[in-house]
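What follows is a short report on a single structure.
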Amino acid sequence: MNIPKRHLLAWAIALAVAPWAHAQSDNTVKIGLILPMTGQQASTGRQIEAAVKLWQAQNGTKAGGKTVEVIIKDDAAVPDTTRRLAQELVVNDKVAVLAGFGITPAAMATAPIATQSKTPMIVMAAATSAITEASPFIVRTSFTLPQATVPIAEWAAKNGIKKAVSLVADYGPGFDAEKYFDSQFRLNGGQMLDKLRTPLRGPDFAPVLQKVRDLSPDALFVFLPSGQGAQFMKQFGERGLDKAGIRLIATGDVTDDDQLNDMGDVALGVVNSHHYSAAHPSAVNKKFVDAFQAANKFRPNFMAVGGYDGMRVIYNALNATKGQGGEALLNAMKGQLFESPRGQVLIDAQTRDIVQDVYIRKVERVNGQLWNVEFDVQKAVKDPGKLK
Ligand code: DHB
Numbered sequence: 010m011n012i013p014k015r016h017l018l019a020w021a022i023a024l025a026v027a028p029w030a031h032a033q034s035d036n037t038v039k040i041g042l043i044l045p046m047t048g049q050q051a052s053t054g055r056q057i058e059a060a061v062k063l064w065q066a067q068n069g070t071k072a073g074g075k076t077v078e079v080i081i082k083d084d085a086a087v088p089d090t091t092r093r094l095a096q097e098l099v100v101n102d103k104v105a106v107l108a109g110f111g112i113t114p115a116a117m118a119t120a121p122i123a124t125q126s127k128t129p130m131i132v133m134a135a136a137t138s139a140i141t142e143a144s145p146f147i148v149r150t151s152f153t154l155p156q157a158t159v160p161i162a163e164w165a166a167k168n169g170i171k172k173a174v175s176l177v178a179d180y181g182p183g184f185d186a187e188k189y190f191d192s193q194f195r196l197n198g199g200q201m202l203d204k205l206r207t208p209l210r211g212p213d214f215a216p217v218l219q220k221v222r223d224l225s226p227d228a229l230f231v232f233l234p235s236g237q238g239a240q241f242m243k244q245f246g247e248r249g250l251d252k253a254g255i256r257l258i259a260t261g262d263v264t265d266d267d268q269l270n271d272m273g274d275v276a277l278g279v280v281n282s283h284h285y286s287a288a289h290p291s292a293v294n295k296k297f298v299d300a301f302q303a304a305n306k307f308r309p310n311f312m313a314v315g316g317y318d319g320m321r322v323i324y325n326a327l328n329a330t331k332g333q334g335g336e337a338l339l340n341a342m343k344g345q346l347f348e349s350p351r352g353q354v355l356i357d358a359q360t361r362d363i364v365q366d367v368y369i370r371k372v373e374r375v376n377g378q379l380w381n382v383e384f385d386v387q388k389a390v391k392d393p394g395k396l397k
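Quick note: the sequence shown uses the working numbering, first residue 10, plus one each step.
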C-alpha cells in the first residue's frame, strides 16, 4: 500500500494516542469485528456474524461492568481494506478489541496496527501458523493448518495409503498444509508423487484433477479454504476420480459443515481431520448447534465456533480486568481454559495460540443428512508450527 508521508505521520500520532482510548471513562467497550461479508469468503463472515450474535443473545451485552458494543465492518477479504478499516476502528471508534479476520492476508495486514496501538486482536478464522507471531497482541481462537494436517497425514500412512498427491490453495494456509502433510506422511513411510496448487481466487480444478488422474495415487490430500469444498467435490466426482479408485482425504475445511449437506454422495466416506464438527457428540455442542440452527436456519461450521469462542475469550478477559483494555486485557486472555462446542480448549499463554483436540472424521449419512462423524482423536494438540 502506498500511503503519502503526511498521512503516515497523522496515523502514527493517532495510533500513539489511541491507547488512552482504552481507559475511556464511559461505560461502553467496543469490539471492531472485521469480516468478509461479501465476495468469495462471504460464508465465513455470515457464519461468524451469526455466532457473535448468538453469543450476545445467550450471554447479554455486559462484561466487566461495561456494555459491549460490536461494530461489524465488511472487508470483502481484501487485505488493504482490512487494514484501513482496522485503523479507522482504532482511531475513530476507539475500539478496545479488533476481531474477525477471514483469511490470512487480512490478519497479516492488520497485525502492525494491533502492535502499534496495543489493541488485542482476536483471530477467529485465519489459520496460517505464523499469524500469531506477527504481533504480540494477537490471540487465536480458530486453529492452525499444521494442527489440522498432521493427524490426517498420520492416519493415511497407517491405513494403507502408500502413494499420495497433495492439492492446496496457493497461499499461507495451503503452504502450511502442503508442508506438514508431506513431512508427516513421509515420516510414516508414505511417498509423495506430486504437490499441486490452485489459486485462492477463482480456482479451476479441472487441470489439476486431470493431472491427479494421470498420476493415479492411492489418495489425494486436499486443503482449500472454507467455501470452495462443494465446487471441488463436484468436479472430483464429475471427472470420475472416485470411480478410478483414488481416495480423497482432506482437512475439514473441504467437508465444511456450511456446505457439506449439499455435496451429495461423492462426499460419502471422505476421511478428514479437523477441530470442529457440528456432529461433535457433547451436551455443550448439542446446545450450541440447536440454538444456532433455531436462530439462523443453517448449520454452524468451524468458523462459527471460532467466532463464538472468540467472544467468550473477550468476555472472560473483560470480566477479569473489570472492563480495562490494552495490555491488561491481552494478559487476561492468555491461559484461558474452557469447554467449547468443539471440546476442551486452552489459549496457550506463551504462544497465544489455541491448543485443542483434533478429530479424525468420516463423512456419513445420518438420518438423511451428511455429517462429519468423529471416530478418532488426538488430544490437546499444540500448533506443530510452533515446535520448531
Ligand atoms: C484460511 C481461510 C479459510 O477459509 C480456511 O478454511 C482456513 C484458513 C486462511 O486464510 O487462513
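Idealized CB from N, CA, C, for every residue including glycine. Remember, predicted model here, so these are calculated numbers, not experimental data.
Take R256, set aside five residues on each side of it, and the residues of its chain with a beta-carbon closer than 6 Å to its own are A228, in chain order. About 7 Å separates the beta carbons of W164 and S282, which is inside the 8 Å limit, making them a contact pair. Short of 7 Å from the beta carbon of Q378, and not among the five residues preceding or following it, lie these beta carbons of its own chain, in chain order: N270. Remark: the C-beta of S235 is in contact range of the ligand DHB, defined as less than 7 Å to any heavy atom. The C-beta of N101 has fewer than 16 other C-beta atoms within 10 Å across all chains shown, which makes the residue exposed. The bridge partners DSSP lists for T76 are T37 and K71. Selection G181, R93, P121 and K172 evaluated against A135 yields G181 as nearest (Cα-Cα). Of the candidates I363, V364, G316 and K395, the residue whose Cα lies closest to the Cα of I40 is G316. With contacts defined by Cβ atoms closer than 8 Å, D392 and T153 form a contacting pair. The stretch 83-101 and the stretch 325-345 do not touch, with fewer than three beta-carbon pairs separated by less than 8 Å.
Burial is judged here by how many other beta carbons sit within 10 angstroms of a residue's own beta carbon; V106 has at least 16 and is buried.
In this structure, DSSP gives T128 a state outside helix and strand, which the three-state scheme calls coil. The beta carbon of T260 lies closer than 8 Å to those of L154, A157, T158, I161, A186, V231, F232, N281, S282 and H283 in the same chain, with the five residues before and after it left out. For M201, the uninterrupted beta strand (DSSP E) segment begins and ends at Q200 to T207. Per DSSP, R149 lies in no alpha helix (DSSP H); the unbroken beta strand (DSSP E) holding it starts and ends at I147 to R149. Close CB contacts of A120 within its chain, under the 6 Å cut and outside five residues either way in sequence, are with A143 and S144 (chain order). With fewer than 16 other beta carbons inside 10 angstroms of its own, G198 counts as exposed. With 16 or more other Cβ atoms inside 10 Å of its own Cβ, D262 counts as buried.
In summary, L338 is buried, with 16 or more beta-carbon neighbours lying within 10 Å of its beta-carbon over all protein chains present. Of the residues assessed, F110 falls on the buried side of the cut-off, its CB having 16 or more other CB atoms within 10 angstroms. N168 counts as exposed, since fewer than 16 other C-beta atoms from the protein chains shown sit within 10 angstroms of its C-beta. A straight-line Cα-Cα distance of about 37 Å links L205 and V322. By alpha-carbon distance to K388, the top candidate from D366, G394, R370 and E373 is D366.
Bounds of the beta strand (DSSP E) holding D385 are Q378 to V390.
If you ignore the 5 residues before and after V221, its C-beta comes within less than 6 Å of the C-beta of V174 and L229, all in its own chain and listed in chain order. Where G181 is concerned, the enclosing alpha helix (DSSP H) starts and stops at G181 to L196. The shortest CA-to-CA distance from Q50 to any of L196, I356 and G238 is the one to G238. Within 10 angstroms of the beta-carbon of K306 lie fewer than 16 other beta-carbons, which makes it exposed.
Counted as a single uninterrupted DSSP element, the beta strand (DSSP E) harbouring Y368 occupies residues I363 to V375.
In this structure G278 is exposed. Its beta-carbon is surrounded by fewer than 16 other beta-carbon atoms within 10 angstroms.
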